[in-house]
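Visitor:
Protein chains in written order, with this note's numbering: chain A, 1 to 300; chain B, 301 to 728; chain C, 729 to 1027.
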């Protein structure tokens, strides 16, 4: 049996698919399969173990009449916007400034990255101590001579979520910096020469020329931060345990509590389905617009 | 093996049956060899999943492993911090087909689902032989005995709502005597506030808020109301004025807490008592561990109150071991040995001294235990004062929902009628 | 006055770096940021050198009165993590055994995926990638039950291969994303030229794309090593008792519901556990070099 040219071409077209086989398997079995299983469980009355019964949307009803869940969604929105914005800005600035041939670049990079290396169980506790009005920053500044200084967000029902943002930004900005730095270092050196010859000030170069060129890096960073936001859990547990009361609760903590402690996997699954649906709702229009744009430019 | 074709038929049949016989004999011999003990029996090996990881807890669980070793067994340790994590690891191991020999749960309804799925080995033999019905408190028996079978062995009894006070702080505030009622407690708190100390040391975490509530419910509400609300989930009782009074007293205590309490770990609140900066704390008997670490002694630097009045209920919270289903005879032997060793009086006393809990049986020698534990054991002898913790009566989900409502009430200004309504709905 | 852009390496040596306002501003910003980032580390270090009595006094920013290494020694080899009290060093080699394959394999697969998705674009692959990315939003714990059943069916539950497989599954979205977006910045002319030269799928990958991917491999390695080294819940459930990573001991040392808390030991234990990722960050510096991709276009 001789292989024809067409046959060989067909075989070659299959090679990329063959290379993607692990990904396909993971997606179908690991992710899609689990998501569908989760969906099925959320429509049942499962407690510790999955049950086969069918209760319709009862779990979802319970979810949306639960004050704690609704508050956690609210917190997630506030946290998400602030966290992503702050990380992007700080990470970008750090990357740009480090890129300026400063002394001790290696040391500085490690300083900004080390929070990412440490377990949040301990660093979260440190932040709790620092932000605690009795023993932390407020007390220290007052003792230094400003008796009116007040920084007690962590015990304030409405402001506690901001403290989670502060600690989380501290932990994640270093990684954003590393990614942006990798992207910056991929930019052609001649660009700087040309910009200087044209007499464009550096900040304009960064804003109008470099930033657009970092488009895909920014996209990567954004997606990474977004997944971190949706799954935020460790920082809340180690800093405030969702408190005071339930003021800093987040969806992931709600889900986790019901998955393990409260032995109610049906409610937990319903929660994670809602979370997934929210993400889909936010992401789908963007993807649609991009695919339209790509179609307009003509497929490569 | 094929028979040579040229043999005559009758001879072939006889050779065939001879071969069949040989094979049968060999098979029987092999089976007999399997069933017979393989030389000297290996020591029963028990892999135990538990969440006792701190220094004091480690010393306590060592008493169990030492006792097990003395009885001829080998203890293989699998410690996982935090109860929720440990229990979920145990369940995952059971589902994954690699179950441990024993797993720790609380004296609660946590393991009922696993029993329902038929995933546990009952310890009926051991219970009958050792006479569990005779020495286990009624509350504990009702938890470990499910549909007539004994699925868990109780390990300890903790009381979550002791009232601790710092003698130094009391002296500074001019409080002469230990408070004997809730009114006297409020008077003492006022004196502490006037003296510039923190009256109530509290860690603002949901479970700690729950402990304060439990203490108020038993001491102000009384045994009847407690059982009606938490065990019977009686709607009328929850909406009653008596329960409203309990909730209002609970909220009143919040006024004596310092501003920085939200999120604080319970150890840090006890530290305030140890350093004499605060007067009173509601916490379980495990708090003794922190005092001991700082070199303080019960009755000398700090005092402990189990409850107000001679009939105050003693709340039972505790830990049990369950035994995942296995038909392996070695594993089953290990499980039964463990169940027996744990309930023996000597092991119970040794464990309780290190753990800060009290034994599950009152027929033990309490002379080496500290004064607070001895007090607790004496109260336990009175059956009418035994009562279970919320998790003994409520499912984990109901208990959690109640905790959410209580912690919201503690931290925010929610009208008490709404709290009553929410609790009635959560405990439906 | 604008700051001098960072391409001085290519200029003649004669040009000295001027300490103008812009440069001072850059350094000032970096130093201030560094102080903010270092503050918690300062507290962790001072706490780890204090005694518990001192810590109970609650003076967070004070230097230790009588600094001692006791907490460090305890954390490394004496802290109780259950019946055994041997500190966090017990799980060190287990963590290494888990991290090495769990970094190499996902990076290899991620690079391959990114390469196939960026340049070859087989039909329907983008949809698959979209679903993969959506999977990254599901909290890990929700997926544990089904994964336990699947691994048990494959006979991999409670084993080293099992935990590596789990890490591969969970890191695939991020790794693929990193490489796909990185390869998107590489000029497509490069790829077309290589195909015209007769290169096939694997040859172009091995001889052209991989060598150019060094910066992103470094970043991916940083993320993966950190993520896997610090992973707790997956190692706890899937690795089996004999392969438990260091984080399990760390958590046993730090976390307790009703046990006493030794904060100095906890801080020391945390720093000890994070030394490996920190070392990786520090030595990865030499690979953050510039212009590899840019240079290739002209070359």
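Cβ atoms here follow ideal geometry from the backbone N, Cα and C, with glycine treated the same way. Bear in mind the structure is a predicted one, so any value in this text is a computation, not a measurement.
If you drop the 5 nearest sequence neighbours on each side, which residues of the same chain put their C-beta closer than 6 Å to that of residue 639 of chain B?
Guide: By one-based count along the second chain, residue 639 of chain B stands at place 339. These residues qualify, in order along the chain: 423, 426 and 453.
Visitor: Can you list the residues of chain B that residue 872 of chain C reaches, using a CB-CB cut of under 7 Å?
Guide: Numbered from 1 along the third chain, position 144 holds the residue referred to as residue 872 of chain C. Chain B residues near residue 872 of chain C: 392.
Visitor: With distances taken Cα to Cα, identify the nearest neighbour of residue 837 of chain C among A/192, A/224, A/161 and A/17.
Guide: As a position in the third chain, residue 837 of chain C is number 109, starting the count at 1. The shortest C-alpha separation from residue 837 of chain C is found at A/17.
Visitor: Report the neighbours of residue 950 of chain C on chain F: residues whose CB is nearer than 7 Å to its CB, in chain order.
Guide: Annotation note: the requested chain F is absent from the structure, which comprises protein chains A, B and C.
Visitor: If you measure beta-carbon to beta-carbon, which residues of the region 788 to 811 of chain C are closer than 7 Å to chain A?
Guide: Flagged, chain order: 788 and 789.
Visitor: If you scan the region 14 to 42 of chain A from start to end, which runs of the alpha helix (DSSP H) of 4 or more residues do you find wholly inside it?
Guide: Fully enclosed alpha helix (DSSP H) runs of 4 or longer: 21 to 25 and 33 to 42.
Visitor: Report the option in C/810, C/922 and C/842 whose CA atom is closest to the CA atom of residue 216 of chain A.
Guide: Here residue 216 of chain A refers to the residue found at position 216 when the first chain is read from its first residue. Looking at the Cα atoms, C/842 is the closest of the given residues.
Visitor: Taking any Cβ of chain B, which residues in the region 46 to 80 of chain A have a Cβ under 9 Å from it, in chain order?
Guide: Hits within the stretch, in order: 47, 48, 49, 66, 67 and 68.
Visitor: Classify residue 753 of chain C: buried if its beta carbon has 16 or more other beta carbons within 10 angstroms, exposed otherwise.
Guide: Within the third chain, residue 753 of chain C is the residue found at index 25, counting from 1. By the 10 Å Cβ count, residue 753 of chain C comes out exposed.
Visitor: Any Cβ of chain A within less than 8 Å of the Cβ of residue 882 of chain C?
Guide: On the third chain, position 154 is the one that residue 882 of chain C refers to. Residue 882 of chain C does not count as touching chain A.
Visitor: The alpha helix (DSSP H) with residue 252 of chain A in it runs from where to where?
Guide: Position 252 of the first chain, counted from the first residue, corresponds to residue 252 of chain A. Its alpha helix (DSSP H) spans residues 251 to 256.
Visitor: Which chain C residues are close to residue 365 of chain B, counting only those with a beta carbon under 7 Å from its beta carbon?
Guide: Translated into the one-based positions of the second chain, residue 365 of chain B becomes position 65. Within chain C, the residues near residue 365 of chain B are 811.
Visitor: Please check if any C-beta of chain C sits within less than 8 Å of the C-beta of residue 17 of chain A.
Guide: Taking the first chain and counting its residues from 1, one reaches residue 17 of chain A at position 17. Closer than 8 Å to some Cβ of chain C, the Cβ of residue 17 of chain A qualifies, so yes.
Visitor: Between residue 333 of chain B and residue 382 of chain B, what straight-line distance do the alpha-carbon atoms span, to the nearest angstrom?
Guide: Position 33 of the second chain, counting from 1, holds the residue named residue 333 of chain B. Position 82 of the second chain, counting from 1, holds the residue named residue 382 of chain B. For residue 333 of chain B, the predicted structure reports a pLDDT of 44, less than 50, and the residue's modelled location is therefore unreliable. The matter cannot be settled from this model.
Visitor: Would the C-beta of residue 70 of chain A count as close to the ligand FMN, meaning under 7 Å from any of its heavy atoms?
Guide: The ligand FMN is not part of the structure shown, which contains no ligands of any sort.
Visitor: Who are the Cβ neighbours of residue 363 of chain B in its own chain at under 7 Å, not counting the five residues just before and after it?
Guide: As a first step, residue 363 of chain B must be located in the second chain, where it is residue number 63. Answer for residue 363 of chain B: 647, 650, 651 and 654, listed in chain order.
Visitor: What are the boundary residues of the beta strand (DSSP E) that includes residue 458 of chain B?
Guide: Numbered from its first residue, the second chain carries residue 458 of chain B at position 158. From DSSP, the beta strand (DSSP E) with residue 458 of chain B extends over 452 to 458.
Visitor: Are the C-beta atoms of residue 197 of chain A and some chain C residue less than 8 Å apart?
Guide: Here residue 197 of chain A corresponds to residue number 197 of the first chain, with the count starting at 1. Not an interface residue.
Visitor: Where residue 938 of chain C and residue 913 of chain C are concerned, what is the direct C-alpha to C-alpha distance, given to the nearest angstrom?
Guide: The residue labelled residue 938 of chain C in the question sits at position 210 within the third chain. The residue labelled residue 913 of chain C in the question sits at position 185 within the third chain. Spanning the two alpha carbons is a distance of roughly 14 Å.
Visitor: Check whether the Cβ of residue 400 of chain B lies closer than 8 Å to any Cβ atom in chain A.
Guide: Counted from its first residue, the second chain places residue 400 of chain B at position 100. No, residue 400 of chain B does not count as interfacial toward chain A.
Visitor: Can you say whether residue 481 of chain B is buried or exposed, counting buried as having 16 or more other CB atoms within 10 angstroms of its CB?
Guide: Your numbering for residue 481 of chain B matches position 181 in the second chain. Classification for residue 481 of chain B: exposed.
Visitor: Measure how close the beta-carbons of residue 512 of chain B and residue 582 of chain B come, nearest whole angstrom, since I'm counting them as under 8 Å.
Guide: Position 212 of the second chain, counted from the first residue, corresponds to residue 512 of chain B. Position 282 of the second chain, counted from the first residue, corresponds to residue 582 of chain B. Confirmed, about 5 Å.
Visitor: So, with DSSP's three-state summary, where would you put residue 669 of chain B?
Guide: Here the question's residue 669 of chain B lines up with position 369 in the second chain. Coil at residue 669 of chain B, not helix or strand.
Visitor: For residue 614 of chain B, which of helix, strand or coil comes out of DSSP?
Guide: Residue 614 of chain B sits at position 314 when you count from the first residue of the second chain. Three-state DSSP puts residue 614 of chain B in a strand.
Visitor: For residue 336 of chain A, which residues of its own chain have a beta-carbon under 7 Å away from its beta-carbon, when the five flanking residues on both sides are left out?
Guide: Only positions 1 to 300 of chain A appear in this structure, which leaves residue 336 of chain A out of reach.
Visitor: By the criterion of Cβ-Cβ separation under 7 Å, what are the contact partners of residue 155 of chain A in chain B?
Guide: For the purposes of this step, residue 155 of chain A is identified with residue 155 of the first chain, where counting begins at 1. Within chain B, the residues near residue 155 of chain A are 559, 560 and 562.
Visitor: Is the distance from the Cβ of residue 900 of chain C to the Cβ of residue 23 of chain A below 8 Å?
Guide: Sequence index remark: in the third chain, residue 900 of chain C carries index 172 (1-based). Sequence index remark: in the first chain, residue 23 of chain A carries index 23 (1-based). Going by C-beta atoms, residue 900 of chain C is nearer than 8 Å to residue 23 of chain A.
Visitor: Just the Cα atoms here: how many angstroms apart are residue 603 of chain B and residue 498 of chain B?
Guide: Translated into positions along the second chain, residue 603 of chain B becomes position 303. Translated into positions along the second chain, residue 498 of chain B becomes position 198. Their Cα atoms are separated by approximately 17 Å.
Visitor: Within 8 Å of any Cβ in chain C, is that where the Cβ of residue 160 of chain A sits?
Guide: If you number the first chain from 1, residue 160 of chain A lands on position 160. Answer no: the Cβ-Cβ gap between residue 160 of chain A and chain C never drops below 8 Å.
Visitor: For residue 571 of chain B and residue 590 of chain B, what's the separation of their Cα atoms in angstroms?
Guide: For the purposes of this step, residue 571 of chain B is taken as the residue at position 271 of the second chain. For the purposes of this step, residue 590 of chain B is taken as the residue at position 290 of the second chain. Spanning the two alpha carbons is a distance of roughly 8 Å.
Visitor: Under a Cβ-count criterion, where at least 16 other Cβ atoms within 10 Å of its own Cβ denotes burial, should residue 876 of chain C be classed as buried or exposed?
Guide: The sequence position of residue 876 of chain C within the third chain is 148, counting from 1. It is buried - the Cβ of residue 876 of chain C has at least 16 other Cβ atoms within 10 Å.
Visitor: Hey, residue 818 of chain C and residue 803 of chain C: beta-carbon distance below 8 Å or not?
Guide: Within the third chain, residue 818 of chain C is the residue found at index 90, counting from 1. Within the third chain, residue 803 of chain C is the residue found at index 75, counting from 1. Cβ atoms of residue 818 of chain C and residue 803 of chain C: not closer than 8 Å.
Visitor: Keeping to the same chain, check which residues put their C-beta closer than 7 Å to that of residue 340 of chain B; ignore five residues upstream and five downstream.
Guide: For the purposes of this step, residue 340 of chain B is taken as residue 40 along the second chain, with counting starting at 1. A caution first: residue 340 of chain B carries a pLDDT of 47, below 50, which makes its placement in the model too unreliable to give a value.
Visitor: Using a Cβ cut-off of 9 Å, which residues of the region 503 to 514 of chain B contact any Cβ in chain C, in chain order?
Guide: The region 503 to 514 of chain B vs chain C, Cβ under 9 Å: 507.
Visitor: Thinking just about the alpha-carbon of each residue, which of B/415, B/462, B/418 and B/540 is nearest to the one in residue 617 of chain B?
Guide: Walking along the second chain from the start, residue 617 of chain B turns up at place 317. Selected option, being the one with the closest Cα: B/462.
Visitor: Do we get a CB-CB distance below 8 Å when we pair residue 10 of chain A with the residues of chain C?
Guide: In the first chain, residue 10 of chain A corresponds to position 10, counting from 1. No, no contact with chain C.
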